[in-house]
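So the structure is just underneath, and the comments pick up after that.
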Amino acid sequence: MNKIEKVYFDHNATTRVDDEVLEAMMPYFQNKFGNPSSGHNLGIAGRQAINHAREQVADSIEAQPSQVVFTSGGSEANNLFIQGATGHLKSTRIIVSAIEHPCVLRPAKELAQSTNKECGLRQLIVDRSGRIIMSDVDKALSEYRPNIVSVMLANNETGVIQEVANIAEKSRKLGALIHTDAIQAFGKIPVNFPSLNVHAMTLSSHKIYGPKGAAALIIDKELVLRPQIFGGGHEGGLRSGTENVPAIVGFGKACELSKLRMERTTIHVTRLRTHLEKRLIEMGAIIFGMNATRLPNTCYFALPDIEGETLVIHLERAGFLIASGAACSSAAPGKSHVLDAMGVEPILARCAVRLSLGNSNTLEQINEFISALTCTVKELKRISSVMI
Ligand SMILES: Cc1ncc(COP(=O)(O)O)c(C=O)c1O
1 MNKIEKVYFD HNATTRVDDE VLEAMMPYFQ NKFGNPSSGH NLGIAGRQAI NHAREQVADS
61 IEAQPSQVVF TSGGSEANNL FIQGATGHLK STRIIVSAIE HPCVLRPAKE LAQSTNKECG
121 LRQLIVDRSG RIIMSDVDKA LSEYRPNIVS VMLANNETGV IQEVANIAEK SRKLGALIHT
181 DAIQAFGKIP VNFPSLNVHA MTLSSHKIYG PKGAAALIID KELVLRPQIF GGGHEGGLRS
241 GTENVPAIVG FGKACELSKL RMERTTIHVT RLRTHLEKRL IEMGAIIFGM NATRLPNTCY
301 FALPDIEGET LVIHLERAGF LIASGAACSS AAPGKSHVLD AMGVEPILAR CAVRLSLGNS
361 NTLEQINEFI SALTCTVKEL KRISSVMI
């Protein structure tokens, strides 16, 4: 391996834009740069490209194109649901899981703290494997009587997959609106909007080899949201602003490719992760969420007494890009709220690192990583014994 060229093991953070995606986007930067709201031919070309992308996104999750609302990113789409769904309500009772991404947790907490209207928040607890506890869902639904529920399909740190369809059925019975953040699951496991039975679902382009700057909120036809960006009435009036045509085109193409390649990618990354985890366990690693159903590409582990942040720095020097637990869900790293919710002792949580694999990774890279990790751990232990 050429040590200057780093091996990328951080696909849950973002992915490299696929060559075919980039090729599809290119004309919309220059030759076809028109504003999709313009009535002339250049504008019409832009509008047609957006319509085509809307069909590609809808097709990949078995929804209708009219259900796709394009946004600038997953964070915006999650905010659009939380703030848009509560915007019409006089009093709001929200239930979210304790392990949601900050772009669901923060708007929910902001609303709960707002003094303008009656609003409350209840967080669902998870077990030691990172699964939402279903008896707590039943308890929360019956005691708290929410009108909004949001539960992620797969967690970005652990990769643990949640029982969203089951939670959706229970929530609907009580008349609550249910949303799922499917950003990490999408492209890694089949995601089917009708079978999840939710009112709204979030997808993001840059996690599936598409560009940054495009995402979508998929909405049920009966869902009424309060617009979050007022202006010219784009995207059904829900978020005004001239569309990011190249990014939307790239997102559509990435959805099409992800559907075609998913099976092959799943087999590939499962094989790599099985090998990786076998070797990590031999080294004494603790793998978070190991007993739960997880995304096939995600491995979140800790080597006791080896600090995650330190490991990340040393492994980057050795040619490998990975994430520390603290940096997995936020631009302002601190401790992981996910491991905290799972009841992981803070001293072990500090050792957490995540490898998230993608379609370009190889078995050779995994073997090289294990060798580098073994050397790094040996070196760190030597330094710490000298310091003591
Ligand atoms: C589960 C989850 N939700 C939301 C987001 C935010 O998405 P975006 O980066 O598109 O704003 C991320 C990104 O890491 C994520 O993993």
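One point on numbering: in our numbering, the residue at position 78 of the sequence shown is 78, and numbering is uninterrupted.
Glycine included, C-beta positions come from ideal geometry on N, C-alpha and C.
Considering just the uninterrupted stretch of the beta strand (DSSP E) at residue i, what are its terminal residues?
i	result
leucine 177	177-181
tyrosine 300	298-302
cysteine 255	That residue, cysteine 255, is in no beta strand (DSSP E); its alpha helix (DSSP H) goes 245-282.
valine 68	68-71
valine 338	It is not in any beta strand (DSSP E) - valine 338 instead sits in the alpha helix (DSSP H) that spans 337-341.
leucine 105	Segment 102-113 is the alpha helix (DSSP H) holding leucine 105; no beta strand (DSSP E) there.
glycine 120	118-124
isoleucine 218	215-219
arginine 239	From DSSP, arginine 239 is part of no beta strand (DSSP E); its letter is neither H nor E.
alanine 352	352-356
Taking 8 Å as the cut-off, decide whether the C-beta atoms of residue i and residue j are in contact.
i	j	result
lysine 6	leucine 363	no
cysteine 351	isoleucine 287	no
glycine 232	serine 371	no
isoleucine 178	valine 160	no
threonine 71	threonine 298	no
isoleucine 94	alanine 108	yes
leucine 174	alanine 200	no
alanine 323	alanine 13	yes
histidine 295	lysine 170	With the sequence shown as reference, residue 295 is identified as leucine, and histidine is not the correct amino acid for it. Against a cut-off of 8 Å, the Cβ pair of lysine 170 and leucine 295 comes out as no contact.
leucine 303	glycine 284	yes
glycine 358	histidine 11	yes
arginine 54	proline 65	yes
isoleucine 219	glutamine 67	yes
leucine 260	aspartate 18	no
serine 461	alanine 292	Nothing can be reported for residue 461, as the shown portion of the chain is limited to 1 through 388.
threonine 310	leucine 373	no
phenylalanine 301	valine 353	yes
With 16 as the cutoff for other CB atoms within 10 Å, does residue i come out buried or exposed?
i	result
lysine 378	exposed
valine 224	exposed
glutamate 345	exposed
isoleucine 167	buried
phenylalanine 186	buried
glutamine 30	exposed
asparagine 401	As shown, the chain starts at 1 and ends at 388. That puts residue 401 outside it, with no answer to give.
glycine 39	exposed
serine 356	buried
glutamine 113	exposed
cysteine 119	buried
glycine 308	buried
phenylalanine 230	exposed
glycine 325	buried
glutamate 282	exposed
arginine 264	exposed
asparagine 2	Summary for asparagine 2: the model assigns pLDDT 49, below 50, so the residue's position carries little reliability; its value from the coordinates is reported in the next sentence. Per the 10 Å Cβ criterion, exposed.
Hey, quick one: how far does the alpha helix (DSSP H) through residue i stretch, first residue to last?
i	result
glycine 46	41-60
threonine 92	Element bounds for threonine 92: not the alpha helix (DSSP H) but the beta strand (DSSP E), 91-97.
leucine 315	308-317
methionine 389	Outside the shown range of the chain, which is 1 to 388, sits residue 389, and nothing can be said about it.
isoleucine 82	74-86
serine 142	134-144
valine 389	Residue numbering for the chain in the displayed model covers 1 to 388; residue 389 lies beyond these limits and cannot be assessed.
- Is the segment 63-79 in contact with the segment 126-135, if contact means three or more CB pairs nearer than 8 Å? no
- Cβ contact (3+ pairs, closer than 8 Å) linking the segment 245-256 and the segment 268-276: no
- Message: For the pair the segment 199-211 and the segment 20-29, tell me if three or more CB-CB distances fall below 8 Å.
- Response: yes
- Task: Decide if the segment 191-205 is in contact with the segment 234-244; the criterion is three or more beta carbon pairs, one per stretch, under 8 Å apart.
- Result: no
- Message: So, does the segment 307-316 touch the segment 97-104, judging by three or more C-beta pairs under 8 Å?
- Response: no
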